[in-house]
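Just so you know, the sequences run in chain order A and B. Quick note: to get the numbering used here, add 77 to the position in the first sequence (first position is 1). Quick note: to get the numbering used here, add 77 to the position in the second sequence (first position is 1). Ideal placement from N, C-alpha and C gives every residue a C-beta, glycine not left out. On a predicted model such as this, the values are computed, not experimentally measured, just so you know. Below: one structure, written as structure tokens.
Protein chains: 2
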Amino acid sequence: MKRVVIIGSGGVAEALSRGVAECENLTFVQVYGRNRQRVAEVSQLVSCPIYDSLQDADIYIVAVSDRAVEEVTRSLSFPEQSVVVHTAGSVAMDAIDHPKRGVLYPLQSFTPGRRITISEVPFFVEGADEHTTQIIEQVANKLSTNVMRMDSEGRKTLHLCGVFASNFTNAIYATAADIARSAEIPFDLLKPLIKETCDKAVSVENPRTVQTGPAVRGDIKTQQRHMDMLQGNDNLEKIYKILSLQIWETSKKM
Amino acid sequence: MKRVVIIGSGGVAEALSRGVAECENLTFVQVYGRNRQRVAEVSQLVSCPIYDSLQDADIYIVAVSDRAVEEVTRSLSFPEQSVVVHTAGSVAMDAIDHPKRGVLYPLQSFTPGRRITISEVPFFVEGADEHTTQIIEQVANKLSTNVMRMDSEGRKTLHLCGVFASNFTNAIYATAADIARSAEIPFDLLKPLIKETCDKAVSVENPRTVQTGPAVRGDIKTQQRHMDMLQGNDNLEKIYKILSLQIWETSKKM
Numbered sequence: 078m079k080r081v082v083i084i085g086s087g088g089v090a091e092a093l094s095r096g097v098a099e100c101e102n103l104t105f106v107q108v109y110g111r112n113r114q115r116v117a118e119v120s121q122l123v124s125c126p127i128y129d130s131l132q133d134a135d136i137y138i139v140a141v142s143d144r145a146v147e148e149v150t151r152s153l154s155f156p157e158q159s160v161v162v163h164t165a166g167s168v169a170m171d172a173i174d175h176p177k178r179g180v181l182y183p184l185q186s187f188t189p190g191r192r193i194t195i196s197e198v199p200f201f202v203e204g205a206d207e208h209t210t211q212i213i214e215q216v217a218n219k220l221s222t223n224v225m226r227m228d229s230e231g232r233k234t235l236h237l238c239g240v241f242a243s244n245f246t247n248a249i250y251a252t253a254a255d256i257a258r259s260a261e262i263p264f265d266l267l268k269p270l271i272k273e274t275c276d277k278a279v280s281v282e283n284p285r286t287v288q289t290g291p292a293v294r295g296d297i298k299t300q301q302r303h304m305d306m307l308q309g310n311d312n313l314e315k316i317y318k319i320l321s322l323q324i325w326e327t328s329k330k331m
Numbered sequence: 078m079k080r081v082v083i084i085g086s087g088g089v090a091e092a093l094s095r096g097v098a099e100c101e102n103l104t105f106v107q108v109y110g111r112n113r114q115r116v117a118e119v120s121q122l123v124s125c126p127i128y129d130s131l132q133d134a135d136i137y138i139v140a141v142s143d144r145a146v147e148e149v150t151r152s153l154s155f156p157e158q159s160v161v162v163h164t165a166g167s168v169a170m171d172a173i174d175h176p177k178r179g180v181l182y183p184l185q186s187f188t189p190g191r192r193i194t195i196s197e198v199p200f201f202v203e204g205a206d207e208h209t210t211q212i213i214e215q216v217a218n219k220l221s222t223n224v225m226r227m228d229s230e231g232r233k234t235l236h237l238c239g240v241f242a243s244n245f246t247n248a249i250y251a252t253a254a255d256i257a258r259s260a261e262i263p264f265d266l267l268k269p270l271i272k273e274t275c276d277k278a279v280s281v282e283n284p285r286t287v288q289t290g291p292a293v294r295g296d297i298k299t300q301q302r303h304m305d306m307l308q309g310n311d312n313l314e315k316i317y318k319i320l321s322l323q324i325w326e327t328s329k330k331m
């Protein structure tokens, strides 16, 4: 049974710790990191003792922020025969200076305290050589039913997709909430619409086929009225204009 | 018991027909419209006979597209004592030329064939006078647990919120799907992330508090790399830039 150490204590580290600890075919060894309080919290979540030093393991999963991967892996010394992977979407595999290096990228948004069904998370695997890749794949397949190989280039594209599908979507939600608030309409009233829009999009092959609204209908009059209402807020005017244009242009190509 | 006629046969008409027909405290009289095939389909869904002429009712719900409201209501003659409402977000109440006129606006995205839990849909009510408003409210309260009064001005803002929360969100999903496709990554792999992003946003008071990604972190390096990947697609470059700016600027104001 593969022994696993998780390095880091944020949302990804917490979710992976839970996933590994709950998996009967993996041995959860420790969660290791600089933030002692969070390490203690995550260790307690998975009922694991806390060690002051890095323990022996078959695979080290460096689940830290994209910017910290290189520094954190350099600051630690890993056993020669172990595999060391990071979980960062936008970081190349070679950011890790270790012969048996690789990547285990989960395409999901993790938040400390929120439970995720880890078995449904798509994991993208890359390894420095075939043997290393297979070891990472073995571990990934025990965590999830959705594992694929993906090189650093493909992973960059995935990460960009994630920015649209998650970060930008959330920004749009926040903007809708702002506009509602300006008319003293509680955000709660938008939630059934937000949920249905998401449910509908994930029920189809291509969300463009269920696009609705003034932009796809070419209803310029309504669009103009909306633009008038946004006047004075430069960003929102631009967002309205460019998204409407994108909807119109792409719908014509279908 | 109020007798209800639905005029129109699109997504809104279908959902309201189901809602009224399933409501023990309302009498569903007929669905009426120009598209005979769709009228037949909706009538069958709710096990209701088809009539060639407009039947007597206490309230007529004109559930047609925003642009058709005025023309359709003008083309019909309603009994003097009946209430006539439309369901259009962006249309003023006075588009209806009838003394007892009003609006019954459901803030939801309706698609023919998709079932919606009508009792959870927020309905916004407006009437030409207090008595008319109360009749519309009575009907709305039988359909949904979420009924509020809202004048034509407020409803315009709601409609704009809906464009962001639904139409623009869907456009972002479609764009993410495009980018994925360009790297031969199936849209299916983005779905767990899309669902979690939505679930997370509707679990909070303000989606801005759960914003993640390179823009909110001020990670210019990653943003620049993403912009490079989008080069050659003007719309996507602009969308990336303005949404990142919006995320950065609004997060600073929190």
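Rounded Cβ spacing between residue i and residue j (contact assumed at less than 8 Å)
i, j, result
"B:Ser186", "A:Thr289", "6 Å"
"A:Ser229", "A:Phe200", "Contact flag wrong, Cβ pair sits at about 15 Å."
"A:Gln107", "A:Tyr128", "5 Å"
"B:Ile271", "A:Ala242", "5 Å"
"B:Arg226", "B:Thr209", "Not really, about 12 Å apart at Cβ, beyond 8 Å."
"B:Gly88", "B:Thr188", "5 Å"
"A:Val149", "A:Leu181", "Not really, about 15 Å apart at Cβ, beyond 8 Å."
"B:Phe245", "A:Leu320", "5 Å"
Those residues which DSSP pairs with residue i across a bridge
i, result
"A:Val82", "A:Gln107, A:Tyr137"
"B:Pro183", "B:Phe200"
"B:Arg178", "B:Val161"
"A:Arg226", "A:Val202"
Cβ pair residue i, residue j closer than 9 Å
i, j, result
"A:Leu184", "A:Gly204", "no"
"B:Gly190", "B:Val161", "no"
"A:Val279", "B:Lys330", "no"
"B:Ala253", "A:Gly239", "yes"
"B:Ala145", "B:Val81", "no"
"A:Gly110", "A:Ala90", "yes"
"A:Gln249", "B:Ile297", "The sequence given here has Ile at residue 249 of chain A, not Gln. Not in contact: A:Ile249 and B:Ile297 (Cβ atoms no closer than 9 Å)."
"B:Thr164", "B:Val139", "yes"
"A:Phe79", "A:Lys219", "Looking at the sequence provided, one finds Lys at residue 79 of chain A rather than Phe. Cβ atoms of A:Lys79 and A:Lys219: closer than 9 Å."
"A:Thr327", "B:Asp171", "no"
"A:Ile193", "B:Gly231", "no"
Separation of residue j from residue i, as counted between CA atoms
i, j, result
"B:Pro284", "B:Ser124", "42 Å"
"B:Gln158", "B:Lys177", "7 Å"
"A:Ser363", "B:Phe264", "Outside the displayed range of chain A (78 to 331) lies residue 363 of chain A, so it cannot be described from this structure."
"B:Ser142", "A:Leu237", "36 Å"
"A:Ile84", "B:Val293", "24 Å"
"A:Ala217", "A:Leu103", "10 Å"
"A:Leu307", "A:Ile316", "10 Å"
"A:Ala117", "A:Phe105", "15 Å"
"B:Ala299", "B:Asn247", "It is Thr, not Ala, that sits at residue 299 of chain B in the sequence shown. Cα to Cα, the separation comes out at about 24 Å."
"A:Ala257", "A:Gly309", "16 Å"
"B:Gln323", "A:Leu322", "18 Å"
"A:Asp174", "A:Ile213", "17 Å"
"B:Trp325", "B:Gly295", "7 Å"
"B:Met304", "B:Gln132", "59 Å"
"A:Pro291", "A:Thr274", "16 Å"
"B:Val119", "B:Ser86", "7 Å"
"A:Val287", "B:Glu99", "26 Å"
"B:Glu314", "B:Lys277", "27 Å"
"B:Leu122", "B:Asn312", "42 Å"
"A:Leu153", "B:Val281", "38 Å"
"A:Gln301", "B:Glu147", "19 Å"
"B:Ser130", "B:Ser94", "18 Å"
"B:Arg115", "B:Pro126", "13 Å"
"A:Phe51", "A:Asn223", "The question about residue 51 of chain A has no answer, for chain A in this structure spans 78 to 331."
"A:Asp206", "A:Val168", "18 Å"
"B:Glu101", "A:Gln215", "57 Å"
Closer than 8 Å: residue i CB and nearest the ligand NAD heavy atom
i, result
"B:Tyr250", "Of ligands this structure carries none, so the ligand NAD is not represented either."
Taking a cut of 7 Å between CB atoms, which residues from the region 160-186 of chain A lie near chain B?
Ser167, Leu184, Gln185, Ser186
If you measure beta-carbon to beta-carbon, which residues of the region 250-276 of chain A are closer than 8 Å to chain B?
Tyr250, Ala251, Thr252, Ala253, Ala254, Asp255, Ile256, Ala257, Ser259, Ala260, Ile262, Phe264, Leu266, Leu267, Lys268, Pro269, Leu270, Ile271, Lys272, Glu273, Thr274, Cys275
Please name the residues in the region 93-122 of chain B whose beta-carbon is closer than 8 Å to at least one beta-carbon of chain A, in chain order.
none
Short-range partners of chain A found in the region 215-237 of chain B, where Cβ spacing is below 9 Å:
Asn223, Met225, Met227, Glu230, Gly231, Lys233, Thr234, Leu235, His236, Leu237
By the 9 Å beta-carbon criterion, what residues does the region 141-161 of chain B contribute toward chain A?
Ser142, Asp143, Arg144
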